[in-house]
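Asks: Residue 37 in the working numbering sits at position 16 of the sequence shown; the count goes up by one each step and never skips.
Glycine included, C-beta positions come from ideal geometry on N, C-alpha and C.
Just so we're clear, the structure is a prediction, and the values are computed from it rather than from any experiment.
Here it is: the structure, laid out below.
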Amino acid sequence: MPLSDKVTATRGHIVMAPGLYNHDRVAFVRSTLPSHIFVHGHGAVITYSGSFLTLDATKPMTLRDITFGSGTSVALRTSPFVFESVTFANAKVLRVSSGSLQARHLTISEMTDAAGAIQVDATGELTIDGGSIVGGTIGIVATAPGARFHLKNLLISRTTGRALELAQGQGELEFSTIAGSGAQTTSAPCAVSCSSLLNVRSSIIWQT
22 MPLSDKVTAT RGHIVMAPGL YNHDRVAFVR STLPSHIFVH GHGAVITYSG SFLTLDATKP
82 MTLRDITFGS GTSVALRTSP FVFESVTFAN AKVLRVSSGS LQARHLTISE MTDAAGAIQV
142 DATGELTIDG GSIVGGTIGI VATAPGARFH LKNLLISRTT GRALELAQGQ GELEFSTIAG
202 SGAQTTSAPC AVSCSSLLNV RSSIIWQT
């Protein structure tokens, strides 16, 4: 049973048992859902082998202690979202289409979408305080002007393309480290592309 079917207008909490789940689609888009949804993963791992979005959410949501594994993809739209101790391992993409995502202790490794592990659109806002992105092609991408970023205590390493493609974004990068990224970037700069609208403070950027 999809996780979205376990939520009703009066029941907004989902508590998962540890284990491996293979879901075709987990969609939180119904108008009858509660004002905020809480998902407690307890270390659960979700995998998927199809072409749909694994999680397509428009309702405010807090996600804790869960792993999105092989084949999964997540799209967040309209609402504010909070991720705490969420992991993406060999997943496809995390996309903030609109609304905002606040992530703490976010772990991302070897994402498979060549356009970027995390993609933020024009009306999207991404806040990370504590996290890592390792491997894959591109770390974080602003797909259109207006995307906003607040990145703090973040490590990005071993992406074959740029760690940050934020030429169209704005915001801050603070107390972060970028190392060993950009080995296959064909034009300068190798590791980070940004404009003057991104303020970089107290960070280390080591270009390959």
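What did DSSP end up calling ASP77 once you bin it into helix, strand or coil?
Replies: Strand.
Asks: Sort out for me which residues DSSP pairs ALA152 with in a bridge.
Replies: The sequence given here has Gly at residue 152, not Ala. According to DSSP, GLY152 bridges with LEU127 and LEU175.
Asks: Helix, strand or coil, according to DSSP, for ASN111 in the structure here?
Replies: Three-state DSSP puts ASN111 in coil, outside helix and strand.
Asks: Would you mind sorting VAL36 into buried or exposed? The rule is 16 or more other CB atoms within 10 Å of its CB.
Replies: VAL36 is exposed by the Cβ-count criterion.
Asks: Within a Cβ cutoff of 6 Å, which residues of the same chain sit near VAL155, ignoring the five residues on either side of it in sequence?
Replies: Counting only Cβ-Cβ distances below 6 Å, and skipping sequence neighbours, we find SER130, SER178 and ARG179.
Asks: What do you reckon, are the CB atoms on ASP142 and THR164 nearer than 8 Å?
Replies: Yes; because the gap between Cβ atoms is below 8 Å, this pair is in contact.
Asks: With burial defined as no fewer than 16 other Cβ atoms inside 10 Å of the residue's Cβ, what is the status of SER214: buried or exposed?
Replies: SER214 should be labelled buried.
Asks: Taking just the CA atoms, how far does SER56 sit from LEU172?
Replies: Cα to Cα, LEU172 sits roughly 27 Å from SER56.
Asks: Consult DSSP for ASP86 and reduce its assignment to one of helix, strand or coil.
Replies: Correct three-state label for ASP86: strand.
Asks: Following the continuous beta strand (DSSP E) through LEU41, name the residue where it begins and the one where it ends.
Replies: Taken as a continuous stretch (DSSP letters only), the beta strand (DSSP E) holding LEU41 covers 41-43.
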